[in-house]
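Input: a single structure, listed below in structure tokens.
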Amino acid sequence: MLLLVWGFKVFYKVLDTGTFFCPRCGGDRAFEHRVGKKWFRLYWIPLFPCSGPINEHVRCTTCQGMYTLQALNHPTSNQLSSLLLDGVRGVLVHVLRAGSIQSPGPREIAVSEIQAHGLPGYDDASLQADLDVVPGDISGLLTNLGGQLAGPGKEDLLRAAVRVALADGPLTDLERNVVNSTGAILGMTQAHALGVIAMTEQSAQR
Ligand SMILES: [Zn+2]
């Protein structure tokens, strides 16, 4: 008796690989961008494909979790931290330009804030280099950052800006404008930003 064994199986092809933020692992992981095709099999040997591309997805190679391609739009943790670092440097440069560009106090605070945000080797010379090159309009960067940061991250950035401005005395109107508009571009409400600014000013007076 001839036993005919046949069936279908989906085989996947890897279209691309890279690093993405895996929501299940909660961190940066390697991914495979895969697309499947259904094959006709006879005696477990795939003979010919019998479907177009199906079940295209992104798969985490660590937890095997499968996601739609939108998972690749989310920045990785590394991308987010360098975006945040660029944001902090940009905002602090703008605060310094608004008033205290040559005073050592505000420059020292700016350097230590940037060090604390992930650049331990940052010094006054790096700050001077940033002061020379950071563009006058960083709203694109801040809008992008505002879309990724949660509330506490935005508050943290504003507090750093206020601390730098306060290092040589009360906020000038110009400095206040920079901080206010930073909050607005990050997507904070005016009340939220004003609250954070006022609380940072109060805690500096103590
Ligand atoms: Zn994962």
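Going letter by letter, the sequence shown gives residues 1330 to 1535 in our numbering.
Ideal Cβ positions, reconstructed from N, Cα and C, are used throughout, including at glycine.
- Of the residues assessed, Tyr1451 falls on the buried side of the cut-off, its CB having 16 or more other CB atoms within 10 angstroms.
- Rounded to whole angstroms, the gap between the alpha carbons of Gln1393 and Thr1501 is 54 Å.
- Residue Ile1526 holds the alpha-carbon nearest to the alpha-carbon of Arg1488 among Leu1456, Ile1526, Leu1414.
- DSSP places Asn1402 in no alpha helix (DSSP H); its state is neither H nor E.
- If you look at Pro1433, you'll find it in the alpha helix (DSSP H) that goes 1433-1445.
- Glu1385 counts as exposed, since fewer than 16 other C-beta atoms from the protein chains shown sit within 10 angstroms of its C-beta.
- Setting aside the 5 residues that flank it on each side, Gly1434 is surrounded in the same chain by Ala1496, Asp1497, each with a C-beta closer than 8 Å to its C-beta; the list follows chain order.
- Checking the 7 Å criterion, the Cβ of Thr1511 is out of range of every heavy atom belonging to ligand 1.
- In the three-state reduction of the DSSP assignment, Asp1461 falls in the helix class.
- DSSP places Leu1421 within a helical segment (H, G or I) once states are collapsed to three.
- Distance from the C-beta of Thr1405 to the nearest heavy atom of ligand 1 is not below 7 Å.
- Selection Ile1430, Gly1356, Leu1414 evaluated against Glu1442 yields Leu1414 as nearest (Cα-Cα).
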